[in-house]
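J.:
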Amino acid sequence: AGAQAQNITGLFAIGTHQVMSTEEMETRAGSSVVSRIACHSFDCHDEQAFVHLGRTRRGTRVTVNRIAAEAGLRILIGTIEPHPQAGYGGGFKNLLPGLAGAESIGHNHLLLPSPDRYNMIGTMPVDNPMRLDLEEAGRMFEGPTFILNVVLDPQLEPVAVLAGDAVAAHRAGIEISRAIYGVGLPRPV
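For what it's worth, this note's numbering labels the leading residue of the sequence shown as 1231, then goes sequentially.
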């Protein structure tokens, strides 16, 4: 049972960050994984590797890695932790910005409630235009997309593993992450 190694491709969803070497991929995923399945580090500037999926309601032109777009199934692996722009990491964030073209990433990252509010760390998705936009983009992919996300404690020990729908499971993980990293205030600020 299960997928054969030759039918699995690992894409390192690094957005605009530097393309990873084989050694860096082995450090992240383990040499046994990198040697058994096809692994690729994403390059957001390699326009030959992209397909266009459409535009979001917020105007983001969704251009993404062709391998991810054409996959019969996507499993997004990551962590759910406070993030300065997306509110929380994880979920569909692996696709946009993770596997999107530079233009798509740039537009998505500019979706803030106001020009003077850059830090969106810990905001709930309903209050975060960037998160809502990347989730809309994630729903543009054909076929199923699931997450396997982990919530870590401050010592980087796993507290919870969330799997399933990329939005529903992510929302459940946010609640766990908020309980760990959130701080109550006596009044709104």
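Glycine included, each C-beta is placed from N, C-alpha and C at the ideal position.
My guess is that residue 1406 and residue 1390 are in contact by the Cβ rule of under 8 Å, so how many angstroms apart are they, rounded?
T.: The Cβ separation is near 5 Å, so the contact holds.
J.: Grab the span of the beta strand (DSSP E) containing residue 1368 for me, first residue to last.
T.: Per DSSP, residue 1368 belongs to no beta strand (DSSP E); it is in the alpha helix (DSSP H), 1359-1368.
J.: What does a CB cutoff of less than 8 Å around residue 1410 pick up in its chain, not counting 5 residues either side in sequence?
T.: Taken in chain order, the residues that qualify are 1381, 1383, 1384 and 1389.
J.: So residue 1371 and residue 1299 are in contact, right, with Cβ under 8 Å, and what is the actual spacing, rounded?
T.: The Cβ separation is near 6 Å, so the contact holds.
J.: I'd like the list of long-range same chain contacts for residue 1293, defined as Cβ closer than 6 Å, with 5 residues on each side in sequence excluded.
T.: Taken in chain order, the residues that qualify are 1280, 1282, 1331 and 1334.
J.: Determine the burial state of residue 1413: buried for a count of at least 16 other Cβ atoms within 10 Å of its Cβ, exposed for fewer.
T.: Residue 1413 comes out exposed.
J.: For the segment 1256-1309, which segments carrying the alpha helix (DSSP H) assignment without a break, of at least 4 residues, lie completely within its bounds, in sequence order?
T.: 1261-1266 and 1296-1300, all fully within the segment 1256-1309.
J.: Quick check: the Cα distance between residue 1349 and residue 1393, rounded to an integer number of angstroms?
T.: The straight-line gap from Cα to Cα measures roughly 28 Å.
J.: Answer yes or no: do residue 1376 and residue 1329 have a C-beta to C-beta separation smaller than 8 Å?
T.: No. Outside cutoff.
J.: Count the other CB atoms within 10 Å of the CB of residue 1399; is the residue buried (16 or more) or exposed (fewer)?
T.: So residue 1399 ends up on the buried side.
J.: According to DSSP, simplified to helix, strand and coil, what is residue 1317?
T.: Strand, per DSSP.
J.: When the Cβ atoms of the segment 1349-1364 are set against those of the segment 1307-1322, are three or more pairs found closer than 8 Å?
T.: Result yes; three or more Cβ-Cβ pairs closer than 8 Å.
J.: For residue 1327, write down the residues that DSSP places opposite it in a beta bridge.
T.: Residue 1327 pairs with nothing; no bridge assigned.
J.: With distance defined between alpha-carbon atoms, name the residue in 1379, 1378, 1341 and 1397 nearest to residue 1368.
T.: Per the Cα distances, 1397.
J.: Tell me the residue span of the alpha helix (DSSP H) that contains residue 1398.
T.: That run of the alpha helix (DSSP H) goes 1398-1411.
J.: For residue 1304, count the other beta carbons within 10 Å of its own beta carbon; 16 or more makes it buried, fewer makes it exposed. Which is it?
T.: Classification for residue 1304: buried.
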